[in-house]
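First residue of the sequence shown? That's 325 in the working numbering, and the numbers climb one at a time after it.
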Amino acid sequence: MADTNHPKNPAADTAPSWAGHRRGSSGYRRILAALACAGVATFAQLYSLQGLLPLVSRDLNVTAAQASLTISAATVGLAVAVLPWSFVADRWGRVRTMGLAVILATIFGLLVPLAPNFEVLLTLRVLEGAALGGIPALAIAYLTEEVSPSTAASAAGAYVAGTTLGGLFGRLLAGPVADVAGWRMGTLAVSLCAAAAAAGFLLLAPRPRGFIPVRTQGSGIQGSVVPYSSTQGFAGVLGKLIPQLRSGSLLALYAQAFLLMGAFVSVYNYLGFRLEAPPYLFPASAVALLFLAYLAGTVSSRLVAGLAARWGRRTVLLASTGIMVSGLALTLASPVLMILAGLVVFTGGFFGAHSIASGWTGALASTGRAQASSLYNLSYYAGSSLIGWSAGLVFQQFGWGAMAGALAALAAGAAVIAAMLLPGRNPGDSSKAGSALI
Numbered sequence: 325m326a327d328t329n330h331p332k333n334p335a336a337d338t339a340p341s342w343a344g345h346r347r348g349s350s351g352y353r354r355i356l357a358a359l360a361c362a363g364v365a366t367f368a369q370l371y372s373l374q375g376l377l378p379l380v381s382r383d384l385n386v387t388a389a390q391a392s393l394t395i396s397a398a399t400v401g402l403a404v405a406v407l408p409w410s411f412v413a414d415r416w417g418r419v420r421t422m423g424l425a426v427i428l429a430t431i432f433g434l435l436v437p438l439a440p441n442f443e444v445l446l447t448l449r450v451l452e453g454a455a456l457g458g459i460p461a462l463a464i465a466y467l468t469e470e471v472s473p474s475t476a477a478s479a480a481g482a483y484v485a486g487t488t489l490g491g492l493f494g495r496l497l498a499g500p501v502a503d504v505a506g507w508r509m510g511t512l513a514v515s516l517c518a519a520a521a522a523a524g525f526l527l528l529a530p531r532p533r534g535f536i537p538v539r540t541q542g543s544g545i546q547g548s549v550v551p552y553s554s555t556q557g558f559a560g561v562l563g564k565l566i567p568q569l570r571s572g573s574l575l576a577l578y579a580q581a582f583l584l585m586g587a588f589v590s591v592y593n594y595l596g597f598r599l600e601a602p603p604y605l606f607p608a609s610a611v612a613l614l615f616l617a618y619l620a621g622t623v624s625s626r627l628v629a630g631l632a633a634r635w636g637r638r639t640v641l642l643a644s645t646g647i648m649v650s651g652l653a654l655t656l657a658s659p660v661l662m663i664l665a666g667l668v669v670f671t672g673g674f675f676g677a678h679s680i681a682s683g684w685t686g687a688l689a690s691t692g693r694a695q696a697s698s699l700y701n702l703s704y705y706a707g708s709s710l711i712g713w714s715a716g717l718v719f720q721q722f723g724w725g726a727m728a729g730a731l732a733a734l735a736a737g738a739a740v741i742a743a744m745l746l747p748g749r750n751p752g753d754s755s756k757a758g759s760a761l762i
């Protein structure tokens with residue numbers, strides 16, 4: 325974590341002077357390893373309770389929708405925090421800010437198993453999510469600044485694949501431990517591993533070379549963290565946000581994040597409740613194995629880069645959304661093998677769409693890239709929070725079929741928005757220009 329010393333002469337250290345780490349170099353490998361550690365520390369903790377929701381529901385005497393608030397609380401905290409983290413990082417540095425975020429998240433994660441009641445648990449999850457917001461808010465901007473454009477696509481795909489592995493690890497670890505010792509020990513085991521991953525990020529992240537600190541207006545101080553209390557500071561915030569909110573294409577990508585992520589997290593929130601009930605009667609350890617379907621996302625998030633270069637981003641995004649809906653339809657079947665096959669197809673489609681949409685956000689943002697990425701993440705986790713909770717009300721009242729139908733409608737709405745507002749194949753879809761895919 326070495327960006328504590330900012331350049332004294334910003335004109336002499338501009339982005340064009342740094343070509344980025346190339347594939348195979350030590351810096352490139354260290355960046356990917358550091359972000360893999362950050363992904364484990366972030367997503368293992370964020371969703372560690374997802375496979376344990378039936379246990380939480382019984383232990384704390386709450387409904388399925390209420391238990392899902394332990395996920396929504398964390399993602400709300402993350403969604404609210406991504407923009408503030410991006411502005412802090414513009415002054416303080418990406419690596420330094422990400423390091424602080426992952427340390428705070430680990431501290432709150434270690435406190436979660438000690439929560440004496442449901443209300444305290446939700447409070448700790450909000451704080452944990454707010455701290456975790458500093459990782460996805462900045463990882464895309466950090467990668468874009470530090471690796472060469474020719475290798476950015478593969479680096480970005482590797483990062484997204486790493487986040488799927490991080491989320492998978494947390495769920496797979498928590499389930500078996502919880503079966504033996506309860507959900508509190510399950511989450512504690514994940515938090516301890518996340519602490520080790522956080523240390524790995526701090527040790528591995530190389531010194532930033534593509535980051536240019538933002539000058540604080542009126543202070544003459546380069547790279548210092550100053551609250552946005554002045555009119556000039558507020559104008560600076562708006563100056564970075566408004567272009568991202570005026571672009572129809574970016575708004576369409578934010579809609580993909582909100583709707584598709586909402587559908588995705590809802591399936592994983594409530595499928596465990598369906599399968600632990602008769603006639604399936606899955607234990608917590610077996611529910612945890614459902615998350616092996618995430619490996620389909622690990623594969624698809626890497627494959628879509630090449631497909632987008634050939635067929636165009638919009639085409640691959642729409643195809644990925646169609647695959648999601650097809651997988652969701654398969655989960656309506658009764659046989660367990662059909663449900664599991666549907667989950668794999670659904671997961672692969674989602675992560676393909678997410679890789680396209682998140683990377684396209686960085687490519688379309690000519691200014692305020694960290695803010696554009698943060699708005700994408702805000703939409704992504706707002707969908708996780710709001711849809712992930714409200715879908716539980718449908719599931720409790722009407723069952724899995726009704727919920728799946730509602731989620732399919734949301735995915736169809738996302739596809740319509742993408743078809744109407746996103747550009748078709750253009751020069752930006754070439755392998756060179758499409759290298760910002762994340």
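For each residue, glycine too, the CB sits at the ideal point set by N, CA and C.
Cβ neighbours of residue i in the same chain (closer than 8 Å, five flanking residues each side left out)
i	result
R764	What is shown of the chain runs 325 to 762, which leaves residue 764 out entirely.
G725	L656
T394	L373, L377, V380, L445, L446, R449
Status (buried if at least 16 other CB within 10 Å, exposed otherwise) for residue i
i	result
A505	exposed
L445	buried
S350	exposed
E452	buried
N441	exposed
S658	exposed
P602	exposed
G433	buried
G683	buried
N470	Note on residue identity: the sequence assigns Glu, not Asn, to residue 470. Flag for E470 reads buried.
V628	buried
M662	exposed
E443	exposed
T387	exposed
L746	buried
F722	exposed
A518	buried
Residue i, DSSP secondary structure in three states
i	result
S571	coil
F606	coil
V386	coil
I459	coil
A742	helix
A706	helix
L656	coil
R418	helix
G777	The structure shown does not extend to residue 777, since the chain is modelled only from 325 to 762, so the question has no answer here.
I545	Only weak support exists for where I545 lies, its pLDDT of 36 falling under 50; the coordinates are left without a value.
L497	helix
G651	helix
L373	coil
T540	Low confidence applies to T540: its pLDDT is 45, below 50, so where it sits in the model is not reliable, and the reading given next is rough at best. It is coil, neither helix nor strand.
R354	helix
A439	coil
A643	helix
P530	coil
P747	coil
A696	helix
S682	helix
A736	helix
S515	helix
S392	coil
G723	coil
Cβ neighbours of residue i in the same chain (closer than 7 Å, five flanking residues each side left out)
i	result
V549	Unreliable positioning characterises V549 in this predicted model, as indicated by a pLDDT of 38, which lies under 50. A coordinate reading is not provided.
F674	L584, F588, G621, M648
A681	L577, Q580, A581, L641
M462	Correcting the residue identity first, residue 462 is Leu in this sequence and not Met. Hits under 7 Å: W409, S410, A413, R418, T421, M422, A694.
A742	A576, Q580, R638, L641, L642
L717	A389
Neighbourhood of residue i by C-beta, 6 Å cutoff - its chain only, sequence neighbours within 5 removed
i	result
S372	G494, A498, T511, V514
G490	G363, V364, F367, A368
M727	A715, V718, F719
Residue i and residue j closer than 8 Å at C-beta
i	j	result
T685	L574	yes
G651	L667	yes
A357	V426	no
V734	I711	For clarity, residue 734 is Leu in the given sequence; the question names Val instead. Their beta carbons are under 8 Å apart, which means L734 touches I711 by this criterion.
F670	V591	yes
V406	N701	yes
G375	G596	yes
Y705	L402	yes
A398	W713	no
F615	L496	yes
A455	A429	yes
S625	S703	no
S708	A677	no
P460	R508	no
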